[in-house]
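Participant:
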Amino acid sequence: MSETTGLENTNDADQEMQKLKFILDIPLQLTVELGRTNLLVKEVLQLNQGSVVELSKLAGEPLDVFINSKLVARGEAVVVNEKFGVRLVDVISPNERVEKVL
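Residue numbers (the numbering used here): 4 to 105.
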């Protein structure tokens, strides 16, 4: 029976961290979707300051959070230091993401 030392576990962890460091600097596009609608060109041309565009979601429904066009979470709008932000309330599990692709 062979004995393992903590040193071997540390080396494994270091190797895994090196693999992760490789992908940490890859840029991703994060998009938060409030809702959607379809407009005709003439309707877009009639928009001006103060126009209201009706969206597909109801007020209070969660916002969809996409990473590179893939749904990864849902959240709610918040204001932080006079800027809008999103508080994540439901993160899609990796298994659910794979199921949506298939």
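Just so it is clear, CB atoms sit at the ideal spot from N, CA and C, and this is done for glycine as well.
From this set, Leu50, Ala76, Leu91, which residue's C-alpha is nearest Arg100's C-alpha?
Facilitator: Here residue 100 refers to the residue found at position 97 of the sequence shown. Nearest C-alpha to Arg100: Ala76.
Participant: What residue does the beta strand (DSSP E) around Lys73 start on, and which one ends it?
Facilitator: Stepping through the sequence shown from its first residue, residue 73 is reached at position 70. That run of the beta strand (DSSP E) goes 73-83.
Participant: From the DSSP output, which residues share a beta bridge with Lys86?
Facilitator: For the purposes of this step, residue 86 is identified with residue 83 of the sequence shown, where counting begins at 1. For Lys86, which the question treats as bridged, DSSP gives the partners Val83.
Participant: Where does Val35 sit, in a helix, a strand or coil, going by DSSP?
Facilitator: For the purposes of this step, residue 35 is taken as the residue at position 32 of the sequence shown. In this structure, Val35 counts as strand in the three-state DSSP scheme.
Participant: Counting along the chain, where does the beta strand (DSSP E) carrying Leu66 start and finish?
Facilitator: Sequence index remark: in the sequence shown, residue 66 carries index 63 (1-based). Looking at the DSSP string, the run of the beta strand (DSSP E) that includes Leu66 is 66-70.
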